[in-house]
Amino acid sequence: NAGVTQTPKFQVLKTGQSMTLQCAQDMNHEYMSWYRQDPGMGLRLIHYSVGAGITDQGEVPNGYNVSRSTTEDFPLRLLSAAPSQTSVYFCASSRGPNTGELFFGEGSRLTVL
Amino acid sequence: AQSVTQLDSHVSVSEGTPVLLRCNYSSSYSPSLFWYVQHPNKGLQLLLKYTSAATLVKGINGFEAEFKKSETSFHLTKPSAHMSDAAEYFCVVSDRASGTYKYIFGTGTRLKVLA
Chain H
69 NAGVTQTPKF QVLKTGQSMT LQCAQDMNHE YMSWYRQDPG MGLRLIHYSV GAGITDQGEV
129 PNGYNVSRST TEDFPLRLLS AAPSQTSVYF CASSRGPNTG ELFFGEGSRL TVL
Chain C
60 AQSVTQLDSH VSVSEGTPVL LRCNYSSSYS PSLFWYVQHP NKGLQLLLKY TSAATLVKGI
120 NGFEAEFKKS ETSFHLTKPS AHMSDAAEYF CVVSDRASGT YKYIFGTGTR LKVLA
């Protein structure tokens, strides 16, 4: 059972480049989300989705786009990378708030030069 | 809006002594609360969860937490620390306040276990 799969695990970008972090889950979870983890700041919510076609902003959405065309996939797009976006990114899914815990991917370490 | 405050950024204990990691939350509705652990350069693992059932929740590896609504707290405890408990711990709150569906993390507590 794969759970939550994130790719790539590591990526180095130059300022201004674009990229997409991929996230897929095979648990039929309606809820999916993206977090970034920075030292001393915990995990901060970027965007989340409660089902296919429905997305909403989290705590730190600026500079990131998401879409949810299927239940399984929830990609995170950086349109024009900035050094401030250097971070570790986690995708997570659940049956939904108040009904279940988050299941996490292994993380993607992004460095923007 | 919901929020989480982890009162200590670092906690040091000696092996074999009790562990207390403190968490206070703010939530407009009945929250769900979780504790996650992250070992160095690893992903996040669920320790335990509270979802409006028993207020004393037991988790993996001997950890437990008590939900106290009057104190808006969900502190994590363990009777006897082990070296393998050294990690970062995150308290998480979720609810459906105001039509939002968010899991909000605290800033984390790094636990150090001394031999």
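Protein chains in written order, with the working numbering: chain H, 69 to 181; chain C, 60 to 174. Beta carbons: idealized from backbone N, C-alpha and C, even for Gly.
Minimum Cβ-Cβ distance from residue i to chain H less than 8 Å
i, result
"Leu103 (chain C)", "yes"
"Ile119 (chain C)", "no"
"Tyr160 (chain C)", "yes"
Inter-residue spacing [alpha-carbon to alpha-carbon] between residue i and residue j
i, j, result
"His69 (chain C)", "Ser62 (chain C)", "20 Å"
"Leu103 (chain C)", "Tyr157 (chain H)", "12 Å"
"Arg136 (chain H)", "His115 (chain H)", "11 Å"
"Gln74 (chain H)", "Cys91 (chain H)", "5 Å"
"Leu79 (chain C)", "Asp67 (chain C)", "10 Å"
"Leu146 (chain H)", "Phe164 (chain C)", "23 Å"
"Phe172 (chain H)", "Ala174 (chain C)", "31 Å"
"Thr136 (chain C)", "Glu123 (chain C)", "5 Å"
"Gly126 (chain H)", "Ala160 (chain H)", "13 Å"
"Leu89 (chain H)", "Leu113 (chain H)", "15 Å"
"Phe149 (chain C)", "Thr168 (chain C)", "7 Å"
"Lys178 (chain C)", "Gly75 (chain C)", "No answer is possible for residue 178 (chain C): the residues shown for chain C start at 60 and end at 174."
Interface residues of chain C facing residue i [CB-CB closer than 7 Å]
i, result
"Gly110 (chain H)", "Phe149, Phe164, Gly165, Thr166, Gly167"
"Leu183 (chain H)", "Coverage of chain H is limited to positions 69 through 181, which leaves residue 183 (chain H) absent and any answer about it impossible."
"Gly175 (chain H)", "Gly102"
"Leu81 (chain H)", "None at all; the shortest Cβ gap to chain C is about 21 Å."
Amino acids of chain H, ordered along the chain, whose beta-carbon sits closer than 7 Å to that of residue i
i, result
"Phe126 (chain C)", "Chain H residues near Phe126 (chain C): none, gap ~14 Å exceeds 7 Å."
CB contact check: residue i to chain C, cutoff 8 Å
i, result
"Val118 (chain H)", "yes"
"Gly71 (chain H)", "no"
"Gly131 (chain H)", "no"
"Gly164 (chain H)", "yes"
"Ser101 (chain H)", "yes"
"Gly121 (chain H)", "no"
Under 8 Å by beta carbon: chain H residues contacting residue i
i, result
"Phe93 (chain C)", "Glu169, Leu170"
Where residue i meets chain H, residues with beta-carbon distance less than 9 Å
i, result
"Lys108 (chain C)", "Gly168, Glu169"
Proximal chain C residues relative to residue i, where beta-carbon distance stays under 9 Å
i, result
"Ser161 (chain H)", "Near Ser161 (chain H) there are no residues of chain C at all, since even the closest Cβ is about 11 Å away, more than 9 Å."
"Leu113 (chain H)", "Lys161, Tyr162, Ile163, Phe164"
Bridge partner(s) assigned by DSSP for residue i
i, result
"Gly119 (chain H)", "H:Ile122"
"Arg112 (chain H)", "H:Arg104"
Practice task
Note down, in chain order, all residues in the segment 84–99 of chain H with a beta-carbon under 9 Å from any beta-carbon belonging to chain C.
Solution key: Tyr99
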